[in-house]
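Student:
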Amino acid sequence: MTTQTVRGARSDRFGIRDLLAEASAGIGARPGRLMLTILGTVLGIASVVVTVGLAQTASGQINKQFDAVAATQASARPTTSYGRDGQEHAQAPLPWDSAARALRLAGVEAAGTISPVTVGDVEVTAVPVHDPSAPRTTSPDVVATSPGALDAVRGHVVQGRYFDSGHDARGDRVVVLGAKAAERLGVTRVDRQPSIFIGTDAYQVIGIVDGVARRSDLLGAVIIPEGTARADFGLTSPAELDLHLAVAAGPVVHDQLPVALNPNAPETVDVDTPPATSSVRAGVQTDVNTIFLALGGVALLIGGVGIANVTLLSVLERVGEIGLRRALGATRRDIGAQFMVESVVVGLLGGLIGAAVGVAAVVAVSAAQDWTPILDLRMVAVAALAGGVIGLLAGLYPSLKASSIEPIAALRGGV
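This is the structure in structure tokens:
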């Protein structure tokens, strides 16, 4: 019999079936330690899935909030230039029917004009009597709006009502108070038809508004119809047009609105609309993903180190077994492959369980926060398989350590 034949017989003594049997026996020999080892991998993989899943879900929430607020907000103002007196002057005023013109455009869901009103030195008070000895206080600002302005800035009437086109056309002396202005003037209810005074003129309070996130200055203002501002205070033109847009309608409205407001000189209208995509939103989303991925990577590294430590400890405890197998004809490659398979199987089990736990955690957190869970299933599959890869990498050194043990030294109890 030749030397090559002897080597072939020797190498065939332990085949794939023997390798899998030995690896299975080694994995199941210590179920308590197996569970702890798998637990480390489960925590690592679950952390990655949870962090990436929550990052994607949080990014979806950021996009949703951006679309709900920033991406649907727009405004238009007259283009200004500096005169010889050094003051800004509007090149052409906005038309009084700016809101109606804007509503004809596709993508505009609500529109209204808003203008500050100059009332001079008169005070805005809740009583008609002027006490010269009383300390002078700063009056709330007076603002004129068209009837649709509240919808354009997404405000809410908490008491009473907002004025309509009839009040505006007649120039009725009615006002709507912002919540802070109402508190400042001591108006808490409108069902008794209270009045405030701008100078000596009485204006009936018909409503109180709150929740104006887009124009928080309106919360501290006394709001009157534009027709009233024209008749009583000489308002010459709207100062600003505010719009509420459909999502992604910004670029179209940006191009069409100047022509709608001033067909002869569209360049005299400055339009501020959100772009189709936002670099700020993309930057925030990237930062969130980076932070969560970094945290997941750290957790995954901890899981890999745990597998390596437990596998190495298993090698050290099974020196006698390794020596006996070497004495029976197992090669270095057989010993190394056995511990490598054990490590990969443990890692793969941890990866599968961890991926399932991570998905469940993302869904649970999203349900608790009333979010829409967003999770790439391909990433989940990769994370599950990553457990096996981590086990493979973590088992390299212990496998090399096991394969380097000499039979005589192992049987004598040394390493």
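Heads up: the sequence shown at position 370 corresponds to 529 in the working numbering, and the numbers run straight through without jumps.
We put the beta carbon where it would ideally sit given N, CA and C, even for glycine.
Output the distance between the C-alpha atoms of valine 381 and leucine 420, rounded to the nearest integer angstrom.
Tutor: One C-alpha to the other measures close to 27 angstroms.
Student: Whole angstroms are fine: how far does the CA of isoleucine 564 sit from the CA of arginine 491?
Tutor: If you take the alpha carbons of arginine 491 and isoleucine 564, they lie about 8 angstroms apart.
Student: What is the C-beta distance between valine 317 and alanine 338, in whole angstroms, given that I count them as a contact (C-beta under 8 angstroms)?
Tutor: Their Cβ separation, rounded to whole angstroms, is 7 angstroms, which keeps valine 317 and alanine 338 in contact under 8 angstroms.
Student: Do you know how far the Cα of alanine 341 is from the Cα of alanine 235?
Tutor: Those two C-alpha atoms are separated by around 29 angstroms.
Student: Can you tell me whether DSSP reads proline 532 as helix, strand or coil?
Tutor: Looking at proline 532 - three-state DSSP - the assignment turns out to be coil, as it is neither helix nor strand.
Student: Leaving out the 5 sequence neighbours to the left and right, which residues in its chain are closer than 7 angstroms to arginine 343 when beta-carbon positions are compared?
Tutor: Taken in chain order, the residues that qualify are Pro299.
Student: Report yes if the C-beta distance between leucine 508 and isoleucine 204 is below 8 angstroms; otherwise report no.
Tutor: No.
Student: Would you grab the beta carbon distance between glutamine 215 and leucine 534 for me? Rounded to a whole angstrom, and I think it's under 8 angstroms.
Tutor: About 6 angstroms; that satisfies the 8 angstroms criterion.
Student: Might you give, ordered along the chain, the residues of its own chain that have their beta carbon closer than 8 angstroms to the beta carbon of glycine 379, omitting 5 neighbours on each side?
Tutor: If we look at glycine 379 and ignore the five residues flanking it on each side, its Cβ neighbours are Pro299, Asp300, Gly337, Lys339, Ala340 and Arg343.
Student: Tell me the DSSP bridge mates of glutamine 363?
Tutor: Answer is Val333 and Ser354, bridged to glutamine 363.
Student: Using 10 angstroms around the beta-carbon of proline 397, count the other beta-carbons present and answer buried if the total reaches 16, otherwise exposed.
Tutor: Buried: at least 16 other Cβ atoms inside 10 Å.
Student: Would you please state the rounded distance, in angstroms, between the beta carbons of isoleucine 357 and glycine 319? I believe it to be under 8 angstroms.
Tutor: No, isoleucine 357 and glycine 319 are not in contact; Cβ-Cβ is about 18 angstroms, not under 8 angstroms.
Student: With 16 as the cutoff for other CB atoms within 10 Å, does threonine 284 come out buried or exposed?
Tutor: Buried, by the Cβ-count rule.
Student: With DSSP as the reference, label valine 276 as helix, strand or coil.
Tutor: Reduced to three states, the DSSP call for valine 276 is strand.
Student: In the DSSP assignment, find the alpha helix (DSSP H) that holds proline 417 and state where it starts and stops.
Tutor: That run of the alpha helix (DSSP H) goes 409-420.
Student: Helix or strand or just coil, what does DSSP make of glutamate 565?
Tutor: In this structure, glutamate 565 counts as coil in the three-state DSSP scheme.
Student: Let me know the secondary structure DSSP gives histidine 425 once reduced to three states.
Tutor: Inspection of the sequence shows that residue 425 is occupied by proline rather than by histidine. Proline 425 falls in the helix class under three-state DSSP.
Student: With distances taken between CB atoms, is the gap from leucine 400 to alanine 258 smaller than 8 angstroms?
Tutor: For leucine 400 and alanine 258, yes; Cβs fall inside 8 angstroms.
Student: If we count the other Cβ atoms within 10 Å of its Cβ and call it buried at 16 or more, is serine 558 buried or exposed?
Tutor: Buried, since its Cβ has 16 or more Cβ neighbours within 10 Å.
Student: Which residues bound the alpha helix (DSSP H) around arginine 343?
Tutor: That run of the alpha helix (DSSP H) goes 338-344.
Student: Please name the residue in Thr531, His315, Asn423 and Gly547 whose C-alpha comes closest to that of arginine 373.
Tutor: For the residues Thr531, His315, Asn423 and Gly547, the minimum Cα distance to arginine 373 belongs to His315.
Student: Please report how far the alpha carbon of leucine 555 lies from the alpha carbon of methionine 499, in whole angstroms.
Tutor: Leucine 555 and methionine 499: Cα-Cα distance of roughly 7 angstroms.
Student: Can you give the Cα-Cα distance for glutamate 642 and glutamine 528, rounded to whole angstroms?
Tutor: It is not possible to answer for residue 642, since the shown part of the chain is limited to 160 through 574.
Student: Anyone know if the C-beta pair for arginine 332 and glycine 386 falls short of 8 angstroms?
Tutor: No; because the gap between Cβ atoms is not below 8 angstroms, this pair is not in contact.
Student: Taking the Cβ atom as the reference point for each residue, do valine 209 and valine 521 lie within a distance shorter than 8 angstroms?
Tutor: Yes, Cβ-Cβ distance for valine 209 and valine 521 is below 8 angstroms.
Student: Could you check if isoleucine 367 is buried or exposed, using at least 16 other CB atoms within 10 Å of its CB as the buried criterion?
Tutor: Buried, since its Cβ has 16 or more Cβ neighbours within 10 Å.
Student: Taking the beta carbon of aspartate 171 as the centre, do at least 16 other beta carbons fall within 10 Å, making it buried, or is it exposed?
Tutor: Any answer about aspartate 171 is weak, because its pLDDT of 48 lies below 50 and its placement is not dependable; what the coordinates show is given next. The residue in question, aspartate 171, is exposed, as its Cβ has fewer than 16 Cβ neighbours within 10 Å.
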